[in-house]
Amino acid sequence: MEKVYSRTRMIQEKMVVGFCPGCMHGTVFKLIGEVMEEMGIADHSALVIGVGCSGLALEYVRYDATTAPHGRACAVATGVKRSNPGTIVFTYQGDGDLASIGLGETMSAANRGENFTVIFINNGIYGMTGGQMAPTTLLGMKATTAPFGRKAEEHGYPMHMCEILNQLTAPYYLERCSCNTPANVMKTRKAIRKAFQNQIDGKGFSMVEIVTSCPTNWGLDALEALRFLEENMLKEFPLGVIRDRSKEAN
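Read in this note's numbering, the sequence shown has 38 at position 38, and its numbers run on one by one without any break.
Here you go:
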């Protein structure tokens, strides 16, 4: 029988994924693994994981990975890349890690044009630590630290990280994707590959933001969370390429 699809070898076999059903972390790590295999870069890649649900990946990815103190993934990635320029270095961070406690590290790395890749998971909430409001939480959206919903006058507005980094001179590639449909899954896969290729080519800082769901902390089942993402999250965070210097050059 002809095999038309096989599981990526970048994920440990016989491992039970620890992510909640419907959260899309598993899908993103599958895409990363497939791209690494396709590009032949697994043996010289290093993942820096932020604090949060993403840390569960340490249990089952089959490439080099380390964790960073909360919010410091871009700082650690800077050190890894500068001391090992031939290594493909990428961070994997949630909105609380990247855009809250790690905002300074993220902005500084992007502003310097560090030659590594950032995979940014935006589900609008702190996942692992219990559902606190994140910088990307929508107006009106409830969280443990905003039980009556996010209010602009009290909490400020949701932060759009791709657009914020687009104000800087150095970043080379910024794209916002999602995994809510098969077509968008393939677009996300393409964006991850492009971000890795930019690093191989020495182009500098690339970030792929992926808008995902968090059924557990949103208080919804997987299908309800998918509808919430499509009807609310994607209106606040529209998908698309925010910056691609390769197209500007053409």
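Glycine is no exception: its CB is placed at the ideal position from the N, C-alpha and C atoms.
Contact between Thr117 and Phe90 holds, since their C-beta atoms are separated by about 4 Å, short of 8 Å. Contiguous alpha helix (DSSP H) elements confined to the region 25–83 occur at 25–39 and 73–83, taking only those with 4 or more residues.
Note that the C-beta distance between Ile49 and Gly55 is below 8 Å. Per DSSP, Gln199 is not a residue of any beta strand (DSSP E); the alpha helix (DSSP H) it occupies stretches across Pro182 to Ile200. Under the DSSP assignment, Leu226 falls in the alpha helix (DSSP H) whose first and last residues are Ala222 to Phe228. Taking a contact to require three or more Cβ pairs closer than 8 Å, the region 166–180 and the region 111–126 qualify as touching.
About 6 Å separates the beta carbon of Ile32 from that of Ile192, a gap short enough to meet the 8 Å contact definition.
With contacts defined by Cβ atoms closer than 8 Å, Met10 and Glu38 do not form a contacting pair. Measuring C-alpha to C-alpha distances from Gly156 to each of Gly124, Lys142 and Pro135 identifies Pro135 as the nearest. Taking C-beta atoms as the reference points, Leu165 and Arg150 fail to come closer than 8 Å. Spatial neighbours of Ala73 in its own chain (CB-CB distance under 6 Å, excluding positions within 5 residues in sequence) are listed in chain order as Val48, Gly50, Thr91 and Gln93. When the beta-carbon positions are compared, His160 and Ile88 stay at least 8 Å from each other.
Exclusion of the five residues before and after Lys194 leaves no residue of its chain whose Cβ lies closer than 6 Å to its Cβ. Pairing Gly131 with Gly96 gives a Cβ-Cβ distance that is not under 8 Å. Secondary structure note for Gly149: it is in no beta strand (DSSP E), with a DSSP letter that is neither H nor E. Taking C-beta separations shorter than 7 Å and ignoring five residues to either side along the sequence, the partners of Thr216 in its chain run Cys20, following chain order.
Secondary structure of Gly127 (DSSP, three-state): coil. Per DSSP, Met233 lies in no alpha helix (DSSP H) segment and is marked neither H nor E. The DSSP-derived three-state label of Thr117 is strand.
In the structure shown, Gly104 falls within a helical segment according to DSSP collapsed to helix, strand and coil. The distance from the Cβ of Val28 to that of Ile121 is about 7 Å, consistent with a contact at the 8 Å cut-off.
In this structure, the CA atom of Gln199 is about 8 Å from the CA atom of Ser206.
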